Amino acid sequence: MDLSNFHILNEAYVKKVGNEQLNLKPMGTGPYRLVEWIKEDHITLEAIEDYYLGEAKIKKVTFRPITNPAPRTAALLTGKMGCRTVA
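Our numbering runs 9 ahead of the 1-based position in the sequence shown.
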């Protein structure tokens with residue numbers, strides 16, 4: 010799945026702030042809140058404890074975009090990239 014093409018947005022928020030502000034301070038819907046965003050480095054999300062459909066099983070997730078194949082492979086082989094469960 011390509012997450013860059015998957016967006017769930019609050020329509021009222023987008024209409025209120027516009028696309029430019031949305032790109033600087035994104036807001037969506039779901040069981041996670043944005044904790045940290047370092048442009049071109051990583052995005053960290055944290056589970057919302059009182060989410061109406063129940064708390065997510067994965068408590069914290071960090072996405073790191075590595076677009077160059079060589080560093081991406083090196084990160085995967087050295088354990089700096091991959092799936093880890095955080096309780």
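Note that CB positions come from ideal geometry on N, CA and C, so glycine has one too.
These numbers come from a predicted model, not from an experiment.
* Quick one: give me the first and last residue of the alpha helix (DSSP H) that GLU55 is part of. => What you label residue 55 is simply residue 46 of the sequence shown in a count that begins at 1. Taken as a continuous stretch (DSSP letters only), GLU55 belongs to no alpha helix (DSSP H), being part of the beta strand (DSSP E) at 51-56.
Kindly identify the DSSP beta-bridge partner or partners of VAL23. By 1-based counting over the sequence shown, the position of residue 23 is 14. Bridge partners of VAL23: none, in fact.
Open item on the list: Taking 8 Å as the threshold (C-beta atoms), are ARG42 and LEU54 in contact?
Closed with: Walking along the sequence shown from the start, residue 54 turns up at place 45. Walking along the sequence shown from the start, residue 42 turns up at place 33. Contact flag set, yes.
Practice item. Please report the residue range of the beta strand (DSSP E) in which ARG42 lies. Key: Here residue 42 is taken as the residue at index 33 of the sequence shown, counted from 1. Per DSSP, ARG42 belongs to the beta strand (DSSP E) from 41-47.
#### Entry: Three-way DSSP call (helix, strand, coil) for THR87 in this model
Within the sequence shown, the letter at position 78 stands for residue 87. In the structure shown, THR87 sits in coil (DSSP, three-state: anything other than H, G, I, E or B).
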